[in-house]
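Each residue of the sequence shown is one higher than the last, beginning at 173 in our numbering.
Using N, Cα and C, we set each Cβ at its ideal position, and we do this for glycine too.
See below for the structure under consideration.
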Amino acid sequence: MTIPRRLPAGHARRAAAFGDQAFTRDTLARTVWGEARSEGREGMMAVASVILNRAAKPGWWGRSVAEVCLRPWQFSCWLAEDPNRAKLERVDERDAEFRIALQVADQGLSGGLPDYTFGATHYHTVDIAPGWARGHTPCAVIGRHAFYNDIA
173 MTIPRRLPAG
183 HARRAAAFGD
193 QAFTRDTLAR
203 TVWGEARSEG
213 REGMMAVASV
223 ILNRAAKPGW
233 WGRSVAEVCL
243 RPWQFSCWLA
253 EDPNRAKLER
263 VDERDAEFRI
273 ALQVADQGLS
283 GGLPDYTFGA
293 THYHTVDIAP
303 GWARGHTPCA
313 VIGRHAFYND
323 IA
């Protein structure tokens, strides 16, 4: 298994290997929380679906859930310069949204998460128009995120 060159310090040290189920659960929940905590359960489920869809189609973005989440420049919540990065690393079960993110992670990792994104592997907030989305139509808009299932 290939580990990305730059893993988030501290959090990644916890993992002996990317196959570690507790690490995978925690990483998925933190990514979902970091990307969609203001979007409620449905928004968190949609972001989790994108991660799981990517992991199901191994490629440049990774071969496992943890690799997909931690791949540099894929999820802004893991960027060192993200203003909420410290919160992401410190959040725990006392936070109501993080408890929801953990539930979503459990549902996703058990195979019971419905995919309301129709197989999306990409998304962005509706406030921006990234170049990679030009010429593509979102397959779903959930909360403030537009999802795409036709990006190569």
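Out of curiosity, what's the CA-to-CA distance linking residue i and residue j?
{"i": "Ile272", "j": "Val298", "result": "23 Å"}
{"i": "Ala321", "j": "Ala218", "result": "Reading the sequence as shown, one finds Asn at residue 321 and not Ala. Roughly 12 Å separates the two Cα atoms."}
{"i": "Arg226", "j": "Asp254", "result": "23 Å"}
{"i": "Pro180", "j": "Gln275", "result": "Unreliable placement is indicated for Pro180, whose pLDDT of 46 sits below 50; the coordinate value is still reported in the next sentence. Approximately 23 Å between the Cα atoms of the pair."}
{"i": "Glu261", "j": "Gly280", "result": "21 Å"}
{"i": "Ile300", "j": "Arg266", "result": "32 Å"}
{"i": "Lys259", "j": "Ala252", "result": "12 Å"}
Could you name the residues of the same chain whose beta carbon sits closer than 8 Å to that of residue i, not counting the 5 residues immediately before and after it, in chain order?
{"i": "Ile323", "result": "Thr293, His294, Trp304, Ala305, His308"}
{"i": "His317", "result": "Ala208, Glu211, Gly215, Ala218, Val219, Tyr295, His296, Thr297, Val298"}
{"i": "Asn256", "result": "Gly206, Cys249"}
{"i": "Lys229", "result": "Thr293"}
{"i": "Arg197", "result": "Leu274, Ala277, Asp278, Leu281"}
Spatial neighbours of residue i within its chain, please: CB distance less than 6 Å, with the 5 preceding and 5 following residues excluded, ordered by chain position.
{"i": "Thr199", "result": "Ala238, Cys241"}
{"i": "Gly234", "result": "Val240, Arg243"}
{"i": "Gly315", "result": "Glu211, Gly215"}
{"i": "Leu224", "result": "Gly280"}
Taking buried to mean at least 16 other C-beta atoms within 10 Å of its own C-beta, is residue i buried or exposed?
{"i": "Glu211", "result": "buried"}
I'd like to confirm the pairing. Which residues does DSSP put opposite residue i in its beta bridges?
{"i": "Tyr295", "result": "Phe319"}
{"i": "Ile314", "result": "His317"}
{"i": "Gly234", "result": "Gly231"}
Since residue i and residue j are thought to touch, with beta carbons under 8 Å apart, how far apart are those beta carbons, to the nearest angstrom?
{"i": "Val222", "j": "Phe319", "result": "7 Å"}
{"i": "Ala201", "j": "Ala277", "result": "4 Å"}
Give every residue of the same chain whose Cβ lies closer than 7 Å to the Cβ of residue i, excluding the five residues on either side of it in the sequence, and list them in chain order.
{"i": "Phe290", "result": "Cys311, Ala312, Asn321"}
{"i": "Asp264", "result": "Phe270"}
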